[in-house]
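To start, the structure under review is shown below, and the notes come after it.
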Amino acid sequence: MALHKVISWNAAARLLSLLFNFLVVLAVSRSLGPILKGETTIWITTIFIGVFASNIVGGLSLVNFLKRNEESSVFTATYIWSLFSCLIFAFIACTFLHRNFAFGLHIFFLTFLSSLFSFHQTALLSKSRFRAFNFVFFLQPFVLWTVLFVLLYLFQYKTFNAFVIALYSSFVASYFISLMMLLKSEKITFSFSFNKFKAMLANGFPFQAAELLQLLHLRLYFFLLAGFNEGGLYNLGIYSVGISILESVWVFPRSVATINFAATAKNPSAANTLRWLRLSLLCSFIALLLIFSVPTELYALVFGDGFLYVKYAVKYLFPGIGLYVIVLVLGSHLMAEEKYKAMSVIHSTGIAVSLLLCRIWIPHYEMSGAGLAATVSFAAAAAMILVYFLKIEKFSLSDLIPKWSDFKF
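Residue numbers (my numbering): 264 to 672.
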C-alpha cells in the first residue's frame, strides 16, 4: 500500500479515536462536572506516564529492534518487564501524588493492561499490519465511551466509579482483541533469554527515555496547574477540555509521525519527511483557525455552563500547538534514525523552560499562565529540532515553503 494511503487510513482511525475521546470528555464534563473532570485527567495522565515507562522494552523501539532481530520472541521479556515496571511506577505515583493504596492498585492494573495493549500495537506496526493496527487504535476509546454511556445515561450511575469501570472495560477488551489479532499471523514462543532481554533494554531505554521526556514536556504543566491551589482541579478540568479540543489539530501530524517512523526505519528519506511536515503544518494552521472561530456559546452548549470560556482559557496555547507539529514530524524521523540523545536534549530543554515559566506565571495568571508557558517551551523545542534537522540533512528554511508537488501522489 502506498505511503499516502497508509497515512490516510491511520488519520481516519485517529479521527474515530478523537471522536470517541471527545464523547468521553463530553460525557464526563456534563455528568460529573469540572472537578471530577480534573480528577479523570490526573488518572489518564498518570496511566500514560506509566505506560511510557513500561514501554522501555515493549514500545515503539521494538520497530528498530525487530528490524535487526526478525525471529526473536519478545513476548516473555516484555510481559515480565511490564509487570515489574508497573508495580514500581504505581508506588512512585502514590508517593508523588500523595494518594492512598486503592489509587495505587488501580493505577497498577490499568497501567499494566495498557502497556501490554501498547506492546501488541507495536508488534502489529512492526509487521506492517496497518489495518489491524488502525482497528485496535480506536478500539479502546470506543469501548471506553460505550461503557461510560451505558453507566452514566442508561443506569444513571453518575459517579467517578463509572469512569473507573469504563477504563477497566476498555483496557481489558483492547488487550484481548489485540492479542487475538496478533496471534493470527504470529507464532508466539514464550521463551526467555537474559541476553536478549539486555539487548532489548539497551535498545529501548534511550528511545523510551526520549519519549518519556516528550510526554512530560506535553503534560508536566497539568500537574503544576492542578497542584497550585485548592481550585487547581477545577481549573484543570476546564483546561483539559481546551487541550482535548486543541490537540485534535494533531490528528494528521500524529498519523504522519507514526507511519513516517516505520517508513524511515526501513528506508530513510529526509525529503519525504519535509514534504509531510509541510502538509502537516498547513493542515494544522487551517484546523487552528477553524477552532478559534467557534463562538464561546457553543462550548457552553456542548460541555455545560462551567466551560463557557474554555477557548479563552487556552488562548495562549494556540501558537504552541501549531509549532509543536514540527517536533512531532521531524522527531519521528530522528527517532527512526536512533538520534535518541538529540531528542532527549530537545525535550529536556522544553521541560526546563516549561517548569521555570509555570512557576512564574501560573501563580499570577493560572490557566493563561500555563498555556503561555507551554507555548514558549514548545517554540523552544521546535526551534532546536528544526535547526538540528536542517543542519544534519543539509536543507534550508526555504524547504519549509509548501510546493504544488506536495499535493501530487
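Glycine included, C-beta positions come from ideal geometry on N, C-alpha and C.
Under the three-state DSSP convention, the category residue i falls into
i	result
Tyr-342	helix
Thr-309	helix
Lys-604	helix
Arg-392	coil
Ser-532	coil
Val-577	coil
Thr-567	Note on identity: in this sequence residue 567 is Gly, with Thr being the wrong assignment. Three-state DSSP puts Gly-567 in coil, outside helix and strand.
Val-557	coil
His-361	coil
Glu-629	coil
Val-650	helix
Glu-334	Model confidence at Glu-334 stands at a pLDDT of 48, short of 50, so the residue's coordinates are unreliable and nothing is read from them.
Phe-672	coil
Ala-275	helix
Phe-658	coil
Lys-300	helix
Pro-665	coil
Leu-323	coil
Phe-283	helix
Residue i vs residue j beta-carbon contact at 8 Å
i	j	result
Ala-528	Asn-327	yes
Ala-633	Tyr-497	no
Thr-536	Leu-593	yes
Ser-674	Val-399	Since the first residue shown for the chain is 264 and the last is 672, residue 674 is missing from the structure and cannot be characterised.
Met-630	Tyr-438	no
Leu-509	Val-577	yes
Ala-393	Val-269	Ala is not the amino acid found at residue 393; the sequence shown has Phe there. In contact: Phe-393 and Val-269 (Cβ atoms closer than 8 Å).
Val-588	Pro-516	yes
Leu-329	Ser-389	yes
Leu-295	Phe-423	yes
Val-512	Leu-545	no
Gly-710	Ser-547	Residue 710 is absent from the structure shown; the chain starts at 264 and stops at 672.
Phe-470	Tyr-651	no
Met-463	Val-314	no
His-383	Ser-441	yes
Val-557	Phe-566	no
Thr-385	Gly-321	yes
Ile-625	Leu-487	yes
Ile-307	Ser-377	no
Phe-371	Leu-402	no
Pro-665	Arg-541	yes
Ala-316	Phe-366	no
Asn-273	Thr-521	yes
Ala-636	Ser-617	yes
Ser-345	Leu-379	yes
Asn-397	Ala-563	no
Val-504	Lys-300	yes
Nearest-angstrom beta carbon gap, residue j and residue i [assumed within contact, 8 Å]
i	j	result
Leu-411	Ala-429	4 Å
Leu-479	Ile-355	About 14 Å separates the two Cβ atoms, so there is no contact after all.
Ser-381	Asn-318	6 Å
Thr-339	Phe-455	5 Å
Ser-323	Val-514	A small fix is needed here, since residue 323 is Leu in this sequence, not Ser. That belief does not hold up - the Cβ atoms of Leu-323 and Val-514 are roughly 18 Å apart, past 8 Å.
Ala-489	Leu-499	4 Å
Ser-607	Ala-473	5 Å
His-241	Asn-523	With the chain represented from 264 up to 672, any question about residue 241 goes unanswered, as that position is not in the structure.
Ala-526	Leu-360	That pair is no contact at about 39 Å.
Phe-426	Val-288	Not a contact, Cβ separation roughly 11 Å.
Ala-533	Phe-658	7 Å
Leu-325	Trp-408	Contact doesn't hold; Cβ gap of about 29 Å is too wide.
Residue i Cβ short of 7 Å to the ligand PLP heavy atom set
i	result
Val-557	Inclusion of the ligand PLP in the displayed structure is not the case, the ligand content being empty and no account of it being possible.
Exercise for the section: Can you check the stretch 399-477 for any alpha helix (DSSP H) of at least 4 residues that lies completely inside it and give the ranges in chain order? Expected result: 423-446
Handout entry: In chain order, each alpha helix (DSSP H) run of at least 4 residues that lies wholly inside the stretch 496-554
Key = 514-529
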